[in-house]
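Input: a single structure, listed below in structure tokens.
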Amino acid sequence: MTETETNLIEGLRKQSPQAQQEMLDRYGRDVFAQVVRIVSQTENAEEVYQDVFVKVFSHIGQFDGDRSSLRTWVMRIAYNEAISFLRRKSAPTVYFDDYDRGIETLTDAEVDETLGHASQETVQLIRTALQHLPPEERALVTMFYYEEMSLKEIAYVTESIPTTVASRLCRTRKKLCRIIKMLQA
Amino acid sequence: MKEDILNTLRQQDAALRDAIRLSEQELPQMPADLNARVMGKGLTPNPSPMGELNGHPVVRRLWTWVAAAASLLLLVGVGLTMMPEKQVPQGSPVVAEKVEKEPQQVNNGDCPHDTSEAMDQRDCPRESQPRQISAQPKKLKPKTVMAEQMIAQAENLSQADHGDSSPDPSHRETYQENRPHDPETLTDSDIPITRPENYHYTPEEIALMKRQAAEAYLKWVELELEIAKYNQEQTAQK
Chain A
1 MTETETNLIE GLRKQSPQAQ QEMLDRYGRD VFAQVVRIVS QTENAEEVYQ DVFVKVFSHI
61 GQFDGDRSSL RTWVMRIAYN EAISFLRRKS APTVYFDDYD RGIETLTDAE VDETLGHASQ
121 ETVQLIRTAL QHLPPEERAL VTMFYYEEMS LKEIAYVTES IPTTVASRLC RTRKKLCRII
181 KMLQA
Chain B
186 MKEDILNTLR QQDAALRDAI RLSEQELPQM PADLNARVMG KGLTPNPSPM GELNGHPVVR
246 RLWTWVAAAA SLLLLVGVGL TMMPEKQVPQ GSPVVAEKVE KEPQQVNNGD CPHDTSEAMD
306 QRDCPRESQP RQISAQPKKL KPKTVMAEQM IAQAENLSQA DHGDSSPDPS HRETYQENRP
366 HDPETLTDSD IPITRPENYH YTPEEIALMK RQAAEAYLKW VELELEIAKY NQEQTAQK
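First to last, the sequence lines map onto chains A and B.
Position one of the first sequence corresponds to residue 1 (the working numbering), numbered consecutively onward.
Position one of the second sequence corresponds to residue 186 (the working numbering), numbered consecutively onward.
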């Protein structure tokens, strides 16, 4: 933990407005991106965003610097708030589910080839396939591939364990490949 | 081990990374004034324990409780006002009995002054005069004196008639046993005064009480005389 982060946490614990403003400036965009990735609509994302920082400011005393960085802790709150919002407010949405266990028939080589071939057509297919994933899985692959978080950090954010995160990532890759195959068909 | 494999896959899945990057770029951007709105709305938790988070003033919550308490008090007050008053029966037996005891003490009036050294002064009705009820007229005091005079006359009479004989001590003991040892003191709250004229005895009532007291005492004296005569006859027969 850097000295700046330590000072920021001290300021938040003293409920200093300057520290809170700095917190918003530093992590606001990441939090909003995490939230809007899950809840989609901007109005809902703004509502969840405010709830996230209310929790951050009021529960800053519970932050443990040994377990995670401040950013990971904030992202965990954002993830949980967004998921809770979806379960509470959003209408139930049906996402792709592998009922016929088709992903088990896919080989690793097949999946690697589909997701590694950086053609424009494949990228568009993957983008479409991403929309058929549940928000939790979409957030998972985004945290891993886009934000390049470690398995430990993702496990902390999703309140899971790294091995479970790894298994879910592998399964999500296969699911994406399966959806692409279905779209191509 | 598995993380290494996944990190390798992360590098290999170029198409997936590009797709996610493009998707992230197309996500709605955070409004520029969102942070200002967050700070302006007072999302900062109030350090006081009564503080509010979402900008609701503390006073608003307090007013709710104050209004509820005031309404409750108003309801209780109205309920107490509308409740019918408890009617105390006029001249209830208990109180009537208490009231009757007082004239009896006055009528008998023979506080045993000869044994007063051994007795508590409070046993004497005359001594408890200041503790008597306010409704008892002060004019009863001369009546007490009159009764004492009559006692003295009766004793003189019996002494004159029978020489050494005096009223039977056993009779006096009987009286003392029957007499209330601790005269009950009535207070204003014990008497249901419902009419203003009941605050004082009327002259007619006082005269009636005096006449009844004199009659009762005369009967007692006659009884004493009869007892004395009977004892004398018995003694003469022996």
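Glycine is no exception: its CB is placed at the ideal position from the N, C-alpha and C atoms.
Using only the alpha-carbon positions, how far apart do residue i and residue j sit?
i	j	result
N220(B)	G28(A)	8 Å
L238(B)	S58(A)	Caution applies to L238(B), whose pLDDT of 43 falls short of 50 and renders its modelled position unreliable; the value that the coordinates give is listed next. Each residue's Cα considered, the two are about 9 Å apart.
R195(B)	K175(A)	16 Å
I103(A)	Q120(A)	24 Å
R138(A)	Q197(B)	19 Å
M23(A)	S208(B)	26 Å
R168(A)	L257(B)	59 Å
L106(A)	T114(A)	11 Å
K414(B)	E390(B)	36 Å
V261(B)	R246(B)	23 Å
R206(B)	A155(A)	22 Å
V186(A)	C177(A)	Shown here, chain A extends from 1 to 185; a query on residue 186(A) therefore has no answer.
T249(B)	V263(B)	21 Å
E400(B)	E409(B)	14 Å
T164(A)	A252(B)	54 Å
G294(B)	Y386(B)	Annotation note: pLDDT 44 at G294(B) (below 50); position unreliable, coordinate value reported separately. If I take the Cα positions, the gap works out to 20 Å.
T142(A)	A185(A)	26 Å
V279(B)	A392(B)	At V279(B) the pLDDT is 47, less than 50, meaning the model places this residue with poor confidence; the figure from the coordinates comes in the next sentence. Those two C-alpha atoms are separated by around 25 Å.
Q422(B)	Q397(B)	37 Å
Could you pull out every residue in the same chain whose Cβ sits closer than 6 Å to the Cβ of residue i, ignoring the five residues on either side in sequence?
i	result
V157(A)	M75, R76 and Y79
W73(A)	F63
P327(B)	Any reading at P327(B) must be qualified, since the residue scores a pLDDT of 47, below 50, and its modelled position is unreliable; the value itself is stated next. Nothing listed; no residue qualifies.
Name the residue from the options whose alpha carbon lies nearest to the alpha carbon of residue i.
i	options	result
P162(A)	R168(A), K152(A), C170(A) and L169(A)	K152(A)
S160(A)	R37(A), I179(A), L140(A) and V48(A)	L140(A)
A199(B)	S150(A), R127(A), Q34(A) and E43(A)	R127(A)
I83(A)	A19(A), S40(A) and N7(A)	S40(A)
G65(A)	M149(A), N7(A) and P17(A)	N7(A)
T2(A)	G116(A), S69(A), Q18(A) and S16(A)	S69(A)
Can you check whether the CB of residue j is closer than 8 Å to the CB of residue i?
i	j	result
L187(A)	P135(A)	Residue 187(A) lies beyond the stretch modelled for chain A, which goes from 1 to 185, so this question has no answer here.
V52(A)	V35(A)	yes
I180(A)	F96(A)	no
A166(A)	K187(B)	yes
D48(A)	E10(A)	Note on identity: in this sequence residue 48(A) is Val, with Asp being the wrong assignment. Contact flag unset, no.
R222(B)	Y145(A)	no
D30(A)	R67(A)	no
Q20(A)	M224(B)	yes
T172(A)	L133(A)	yes
L130(A)	I60(A)	no
V123(A)	A204(B)	yes
P213(B)	T42(A)	yes
Enumerate in chain order the residues of its own chain whose CB-to-CB distance from residue i is below 7 Å, with the five nearest sequence positions on each side excluded.
i	result
A45(A)	F32, V35, V36 and V39
N192(B)	none
Tell me whether residue i counts as near the ligand HEM, meaning its Cβ is closer than 7 Å to at least one heavy atom of that ligand.
i	result
L106(A)	You won't find the ligand HEM in this model; it holds no ligand whatsoever.
Only counting the same chain, and skipping five residues up and downstream in sequence, which positions put a Cβ closer than 8 Å to that of residue i?
i	result
Q18(A)	G11
Practice prompt. Check each residue of the segment 135–164 of chain A: if its Cβ is closer than 8 Å to any Cβ of chain B, include it; give the result in chain order.
Written response: Taking 8 Å as the Cβ-Cβ cut-off against chain B, the residues of the segment 135–164 of chain A that qualify are V141, T142, F144, Y145, Y146, E148, S150, L151, P162 and T163.
Fill in: Proximal residues, the segment 45–60 of chain A versus chain B, C-beta separation under 8 Å
Legend: CB atoms of the segment 45–60 of chain A lying less than 8 Å from CB atoms of chain B belong to residues A45, E46, Y49, Q50, F53, V54, F57 and S58.
Discussion item. Which residues of the segment 17–46 of chain A have a Cβ closer than 8 Å to any Cβ of chain B? Give them in chain order.
Written reply: Within the segment 17–46 of chain A, the qualifying residues are P17, Q20, Q21, L24, D25, G28, R29, F32, A33, V36, R37, T42, A45 and E46.
Discussion item. At a CB distance below 9 Å, what residues from the segment 195–211 of chain B approach chain A? Give them in sequence order.
Written reply: So the list reads R195, Q197, D198, A199, A200, L201, R202, D203, A204, I205, R206, L207, S208, E209 and E211, given in the order they occur along the chain.
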